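In what follows, a single structure is set out as structure tokens and then discussed.
Chains as they are written, first to last, in full-length UniProt numbering: chain Y, 1 to 445; chain W, 1 to 723.
Here it is in structure tokens:
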């Protein structure tokens with residue numbers, strides 16, 4: 001006799017371990033899911049809201065300096081190590097995981113102007129207002145040993161900036177001229193001048209390692225090749241650039257922070273106009289640093305805020321500020337792409353998350369999946385007004401808020417005036433100049 | 001290094017050259033002058049000086065330089081010497097000759113710079129990868145042998161030494177490759193070829209087995225009785241032969257076999273098959289008086305019965321029985337089949353008690369089809385019965401089913417009617433629901449389009465909106481975000497709502513055509529076919545018990561009483577008519593009473609006046625729900641929805657359909673398979689925790705194109721070279 005019963009293979013519905021997700025058989029026929037869009041929209045809205053609620057970017061503040069923090073340097077090999085130099089010539093080495101200072105040394109008299117860790121991570125260089133370049137060991141001197149530099153080079157003029165070559169024992173300083181130094185020699189192997197009396201910063205290209213760029217006080221950005229005897233090219237802008245940073249993933253792109261509240265991203269092959277003008281700051285931009293992925297950069301401004309810009313977008317995606325943070329002088333993006341460090345006038349170094357709402361620490365696989373999914377949802381619906389409104393909402397201190405409003409009014413007025421002038425003059429006599437072209441005076445070859 | 005810098009270098013060197021050359025040139029000129037002066041002194045003696053110049057200036061990169069500027073080299077010049085040299089082989093000679101005759105010129109190769117640029121282009125064209133994983137050059141995860149991690153490591157501490165001593169004593173591997181001697185031996189034990197052969201053998205065996213299985217299955221499915229009879233006969237013969245041999249060769253196995261047969265016989269005896277108590281046998285008994293064939297059949301059956309129930313069994317018959325049973329697909333069981341069968345007639349209305357428990361569900365499903373042809377089939381069955389003698393039991397069963405079916409058919413109309421009602425009400429409810437959704441969705445889409453059409457000129461503002469919306473308000477909780485939305489809403493209320501695009505309504509056909517998936521209105525045909533289909537399946541429903549139905553009746557009555565005034569369908573229709581009427585344009589009456597005519601109450605307007613002063617507006621475009629009887633589509637703008645809708649076409653999109661399609665594709669695991677979800681929700685940038693991301697190395701740029709790289713095409717294209 002045959003008895004037929006409903007029988008199912010347990011493999012189809014029993015999970016293998018209790019850590020697995022329960023199997024839920026589903027019919028994916030879209031005809032059965034008429035509300036998928038609205039459901040996903042709701043999910044996206046919730047994700048966006050939660051994103052804002054969980055946005056707590058401030059991680060820690062490192063205090064200990066007795067004067068404003070003037071420069072910082074990332075360690076090349078250790079994520080947890082940060083070096084900072086202050087305006088009283090003191091250099092501090094920090095342990096970021098413990099939020100504590102592990103070493104303090106009096107490096108210079110007067111400001112520490114620039115600081116860089118050698119590519120091997122065993123020593124670092126500092127330049128100061130006392131016209132010296134000093135090389136220090138990264139290790140803390142043992143008990144009884146004196147804190148002494150490995151090497152001291154006396155220069156003729158004040159140095160204002162410093163950068164080290166990516167692979168070779170060569171570094172560059174700037175001051176009255178841009179000098180290229182061999183580590184073994186006490187005089188520069190090459191000096192570049194181009195009718196300028198002072199440079200504010202110099203940076204090596206991390207990919208095309210023989211290239212350099214510097215910001216000069218005659219409102220120009222100058223490009224050099226280390227192997228050449230003369231500078232390559234310079235672009236003169238309407239206002240002075242304070243610092244610049246190369247994109248670590250795209251060899252030809254660099255971004256400069258300008259006194260006119262903007263940042264400019266250039267392609268070094270086409271200097272006649274910047275690729276993008278990044279606006280949002282309401283005061284001079286003092287420092288800029290790229291994320292190691294080359295997708296975004298962070299800028300520090302005199303307006304007491306730190307802003308994060310996507311590299312190809314004109315406006316910031318994030319603004320960080322606290323009540324106590326004063327003019328931000330230097331900023332760095334950590335080498336693991338997770339944190340941002342800002343040093344400011346009021347003697348503190350602040351540690352921020354690069355993604356304000358991101359959960360720190362290890363994510364469980366399902367957690368990660370959920371966050372990925374939420375991220376995609378936000379991306380998908382980011383044109384929708386409500387989601388956009390929540391996602392883009394930021395709180396700003398009153399002063400900055402009003403200042404930005406004022407700036408907007410000014411800009412609008414200028415635009416209106418220009419439009420009127422154009423309207424009342426001979427057609428074609430007042431050409432339309434794009435925002436990008438406005439800020440470049442000339443390119444000198 | 002890029003093009004520019006090289007350009008600079010070249011330019012610089014060029015400058016340098018120029019300077020030098022200028023000086024040289026001046027000297028040259030002086031010398032020339034001097035020479036001229038001298039020659040002028042001498043009179044006729046004029047001699048052209050052979051000039052020597054730097055080769056570098058005009059040197060072609062193909063290193064073929066014509067003597068004079070305008071001179072052209074012919075092929076004949078080059079191969080002219082061929083005739084003089086006897087060493088040249090005839091073959092080459094022939095080839096060169098043909099070459100000389102052909103007029104086609106080979107295109108000159110590209111210049112060095114150009115070829116280099118192309119090569120670089122090819123090398124650097126990196127597909128813009130979807131996902132970037134940082135750091136770029138990661139080591140493969142997983143455990144690594146100690147030797148690879150620590151090179152030049154030596155055991156120092158006593159513990160380490162001890163461990164190493166132990167390892168070496170046990171012949172454990174210390175150095176690469178990490179295999180114990182046993183493992184090595186096992187590696188050697190079977191070579192690759194051997195393994196392959198073995199695998200092939202196994203595959204073959206498996207294939208043969210499956211063929212055999214398929215064959216037997218096929219044979220079992222053959223319905224022809226004759227075929228099986230022949231088959232069985234052959235088998236029986238075979239079996240007898242084998243058994244006799246077995247008795248001679250292996251008496252123990254033979255005894256075993258005998259035992260089996262005995263068991264089978266016992267089962268047969270228990271089942272009381274082949275007795276003439278069955279229906280068929282009875283009918284045959286009646287017929288036996290008149291029919292020779294029937295008598296014969298009965299005789300045969302009795303014989304079989306005798307055979308089977310005899311104490312001493314012939315192995316042959318038993319074997320046959322076994323075969324038969326196996327044909328039926330049943331397992332050898334002690335109890336007969338009908339023990340499990342429900343007693344018929346006890347409770348005919350209980351569906352669970354009707355029919356055998358072993359009844360095929362498939363049969364049930366198909367029974368509606370059987371219904372129609374039941375008569376014919378039963379006739380067929382009867383015919384077959386006469387042929388087949390031994391299958392009586394089955395036949396009896398079949399007939400039983402038949403009668404039951406007939407009885408059930410009598411019940412069907414009642415059930416199906418009930419069903420019909422239920423079905424109808426259900427479909428109505430569904431319809432309503434679906435209509436609602438359809439209405440909403442349609443509205444939505446329409447709204448979207450309207451808003452998009454309305455707000456095109458606000459692009460300048462759009463540009464500003466790109467950035468953050470910085471305010472003085474902080475968001476701390478979820479409620480704050482809600483507040484944010486409320487603000488927005490009020491702002492939107494204040495803002496002048498763009499007029500609904502009445503002057504150019506979006507073409508109705510366009511959305512209907514494009515988003516078929518979204519519009520899920522009911523099509524009348526579909527509903528109807530569904531309903532009829534449902535009626536056709538009467539067996540799936542049960543007949544309630546008498547008291548049950550009584551209960552139901554009561555309940556139904558109650559419900560009817562409770563919803564006495566509710567006629568949902570007619571209400572819906574009324575509502576729809578109302579909506580239609582509201583949508584129709586009003587007639588504007590511009591007549592002035594008493595103007596040009598007598599005034600007063602109760603007077604009729606003249607026809608002329610009515611014609612002239614009553615303005616009829618143009619009829620509106622047909623409503624979208626005209627053809628949908630169960631649906632009301634409101635074409636009014638719904639502000640609460642508008643707030644959530646995109647009112648302009650976002651930048652990268654060019655048409656509404658593009659944008660809508662991106663919105664329409666769901667991402668979640670509710671609507672997609674796990675794999676798809678994983679693929680869709682891959683983040684664009686992946687970083688590893690605690691890993692330092694180094695800047696792009698130039699070697700990285702040169703790597704295989706599949707490798708994730710950052711530099712997009714533009715940045716890399718125009719040239720980068722290794723130096």
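Beta carbons are placed, not taken as given, at the ideal position from N, Cα and C, and that holds for glycine. The model shown is predicted, which means the values in this text are computed figures rather than measured ones.
Query - Segment contact, 8 Å Cβ cut-off, at least three pairs: the region 366-378 of chain Y with the region 253-271 of chain Y - result: no
Report task. For residue 681/W, return the contacting residues in chain Y, with the cut-off set at a CB-CB distance below 8 Å. Result -> As a first step, residue 681/W is located in the second chain; it is residue number 681 there, counting from the start. Chain Y residues near residue 681/W: 369, 372, 373, 375 and 376.
Report task. Report, in whole angstroms, the separation of the C-beta atoms of residue 293/Y and residue 337/Y, which I expect to be a contact under 8 Å. Result -> Start at 1 with the first residue of the first chain, and residue 293/Y comes out as number 293. Start at 1 with the first residue of the first chain, and residue 337/Y comes out as number 337. About 5 Å; that satisfies the 8 Å criterion.
Report task. Pull up the distance between the alpha-carbon of residue 253/W and that of residue 246/W, whole angstroms please. Result -> Here residue 253/W corresponds to residue number 253 of the second chain, with the count starting at 1. Here residue 246/W corresponds to residue number 246 of the second chain, with the count starting at 1. Straight-line Cα distance between these residues: approximately 7 Å.
Query raised in the report: Near residue 669/W, which residues of its chain fall below 6 Å by C-beta distance, leaving aside the five closest residues on each side in sequence?
Result: Stepping through the second chain from its first residue, residue 669/W is reached at position 669. Result list for residue 669/W: 677, in chain order.
Report task. Check whether the Cβ atoms of residue 357/Y and residue 56/Y lie closer than 9 Å to each other. Result -> By 1-based counting over the first chain, the position of residue 357/Y is 357. By 1-based counting over the first chain, the position of residue 56/Y is 56. Cβ distance < 9 Å, so residue 357/Y and residue 56/Y count as in contact.
Query - Complete alpha helix (DSSP H) runs within the UniProt region "Disordered" (606-628) of chain W (minimum length 4 residues, chain order) - result: 607-613
Query raised in the report: Does any C-beta atom of chain C lie closer than 9 Å to the C-beta of residue 677/W?
Result: Any reference to chain C falls outside this structure, whose protein chains are Y and W.
Requested in this report: Keeping to the same chain, check which residues put their C-beta closer than 6 Å to that of residue 54/Y; ignore five residues upstream and five downstream.
Outcome: By 1-based counting over the first chain, the position of residue 54/Y is 54. Hits under 6 Å: 357.
Query raised in the report: Residues of chain Y with CB under 8 Å from residue 663/W, in chain order?
Result: Residue 663/W sits at position 663 when you count from the first residue of the second chain. Here the neighbours are 37, 380 and 381.
Report task. Report yes if the C-beta distance between residue 320/Y and residue 471/W is below 9 Å; otherwise report no. Result -> On the first chain, residue 320/Y is found 320 positions in, with the first residue counted as 1. On the second chain, residue 471/W is found 471 positions in, with the first residue counted as 1. Not in contact: residue 320/Y and residue 471/W (Cβ atoms no closer than 9 Å).
Query raised in the report: Which same chain residues, not among the five before or five after residue 373/W, have their C-beta less than 8 Å away from its C-beta?
Result: Counting from one through the second chain, the residue named residue 373/W turns up at place 373. Only weak support exists for where residue 373/W lies, its pLDDT of 39 falling under 50; the coordinates are left without a value.
**Report entry** Straight-line gap, residue 651/W to residue 663/W (C-alpha atoms, nearest Å)
**Finding:** Your numbering for residue 651/W matches position 651 in the second chain. Your numbering for residue 663/W matches position 663 in the second chain. So the alpha carbons of these two residues sit roughly 15 Å apart.
**Report entry** Short-range partners of chain W found in the region 319-339 of chain Y, where Cβ spacing is below 7 Å
**Finding:** 319, 335, 336 and 337
Query - Cutoff 6 Å; reference residue 135/W; Cβ partners in own chain excluding five residues on either side - result: As a first step, residue 135/W is located in the second chain; it is residue number 135 there, counting from the start. Taken in chain order, the residues that qualify are 691 and 693.
Report task. Give a yes or no on contact between the region 358-367 of chain Y and the region 93-107 of chain Y, applying the rule of three or more CB pairs nearer than 8 Å. Result -> no
Query raised in the report: For the alpha helix (DSSP H) that contains residue 293/W, what are its first and last residues?
Result: Numbered from its first residue, the second chain carries residue 293/W at position 293. That run of the alpha helix (DSSP H) goes 292-309.
Query raised in the report: From the beta carbon of residue 157/Y, is the nearest beta carbon of chain W less than 9 Å away?
Result: Taking the first chain and counting its residues from 1, one reaches residue 157/Y at position 157. It does not; no Cβ of chain W falls within 9 Å.
Report task. Look at residue 36/Y and residue 65/Y and say whether their C-beta atoms are less than 9 Å apart. Result -> As a position in the first chain, residue 36/Y is number 36, starting the count at 1. As a position in the first chain, residue 65/Y is number 65, starting the count at 1. Contact flag unset, no.
Query raised in the report: If you draw a straight line from the C-alpha of residue 250/Y to the C-alpha of residue 311/Y, how long is it?
Result: Translated into the one-based positions of the first chain, residue 250/Y becomes position 250. Translated into the one-based positions of the first chain, residue 311/Y becomes position 311. If you draw a straight line from the Cα of residue 250/Y to the Cα of residue 311/Y, it is about 11 Å long.
Query raised in the report: Sorted by chain position, which residues of the same chain lie with C-beta nearer than 8 Å to residue 481/W's C-beta, five sequence neighbours on each side aside?
Result: Position 481 of the second chain, counted from the first residue, corresponds to residue 481/W. So the qualifying residues of the chain are 475.
Query - Spatially closest choice to residue 298/W from 204/W, 310/W and 275/W, by CA coordinates - result: The count along the second chain starts at 1 and reaches residue 298/W at position 298. The residue with the shortest Cα to Cα distance from residue 298/W is 275/W.
Query - chain Y within 9 Å of residue 593/W, Cβ atoms only - result: As a first step, residue 593/W must be located in the second chain, where it is residue number 593. It does not; no Cβ of chain Y falls within 9 Å.
Query raised in the report: Is there at least one Cβ from chain W nearer than 9 Å to residue 386/Y's Cβ?
Result: Your numbering for residue 386/Y matches position 386 in the first chain. For residue 386/Y, a Cβ of chain W is located within less than 9 Å of the residue's own Cβ.
Query raised in the report: Counting only beta-carbon atoms, is residue 268/W nearer than 9 Å to chain Y?
Result: Residue numbering aside, residue 268/W sits at position 268 when the second chain is read from its first letter. Residue 268/W does not count as touching chain Y.
Query raised in the report: Any Cβ of chain W within less than 9 Å of the Cβ of residue 280/Y?
Result: Against the first chain, residue 280/Y aligns to sequence position 280. Any Cβ of chain W closer than 9 Å to the Cβ of residue 280/Y would place that residue at the interface, and such an atom is present.
Query raised in the report: In angstroms, rounded to a whole number, what distance separates the CA positions of residue 422/Y and residue 431/Y?
Result: Working through the first chain from its first residue, we reach residue 422/Y at position 422. Working through the first chain from its first residue, we reach residue 431/Y at position 431. Roughly 8 Å separates the two Cα atoms.
**Report entry** Cβ-Cβ separation, residue 333/Y to residue 58/Y (assumed contact under 8 Å), whole Å
**Finding:** Counted from its first residue, the first chain places residue 58/Y at position 58. Counted from its first residue, the first chain places residue 333/Y at position 333. Wrong, their Cβ atoms sit about 16 Å apart, outside the cutoff.
Requested in this report: Please go through the same chain and pick out, in chain order, the residues whose beta-carbon is closer than 6 Å to the beta-carbon of residue 179/Y, but skip the five residues on each side of it.
Outcome: By one-based count along the first chain, residue 179/Y stands at place 179. Closer than 6 Å at Cβ, skipping near neighbours: 173, 188 and 191.
Query - Buried/exposed call for residue 5/Y, threshold 16 Cβ in 10 Å - result: Translated into the one-based positions of the first chain, residue 5/Y becomes position 5. Around the beta carbon of residue 5/Y, fewer than 16 other beta carbons lie within 10 angstroms, which makes this residue exposed.
Query - residue 473/W: contacting residues in chain Y (beta-carbon distance under 9 Å) - result: For the purposes of this step, residue 473/W is taken as residue 473 along the second chain, with counting starting at 1. By Cβ distance, chain Y contributes 393 and 395.
Query raised in the report: Can you name, in chain order, every residue of its own chain whose Cβ lies under 7 Å from the Cβ of residue 544/W, other than the five neighbours on each side?
Result: Sequence index remark: in the second chain, residue 544/W carries index 544 (1-based). Residue placement at residue 544/W cannot be trusted, given a pLDDT of 43 that sits under 50; the coordinates are not used to answer.
Report task. Below 6 Å CB to CB, which residues in the same chain sit around residue 537/W once its five sequence neighbours on both sides are set aside? Result -> Locating residue 537/W in the second chain gives position 537, counting from the first residue. Summary for residue 537/W: the model assigns pLDDT 39, below 50, so the residue's position carries little reliability; its value from the coordinates is reported in the next sentence. Excluding positions up to five away in sequence, the list is empty.
Query raised in the report: Nearest to residue 278/Y by CA position, among 316/Y, 116/Y and 300/Y, is which residue?
Result: In the first chain, counting from the first residue as 1, residue 278/Y sits at position 278. Checked all of 316/Y, 116/Y and 300/Y; the closest Cα to residue 278/Y is 316/Y.
Query raised in the report: For the alpha helix (DSSP H) that contains residue 657/W, what are its first and last residues?
Result: In the second chain, counting from the first residue as 1, residue 657/W sits at position 657. 656-664 is the extent of the alpha helix (DSSP H) around residue 657/W.
Query raised in the report: In the DSSP assignment, what residue or residues form a beta bridge with residue 71/Y?
Result: Indexing the first chain from 1 puts residue 71/Y at position 71. According to DSSP, which records beta bridges pairwise, residue 71/Y is partnered with 85/Y.
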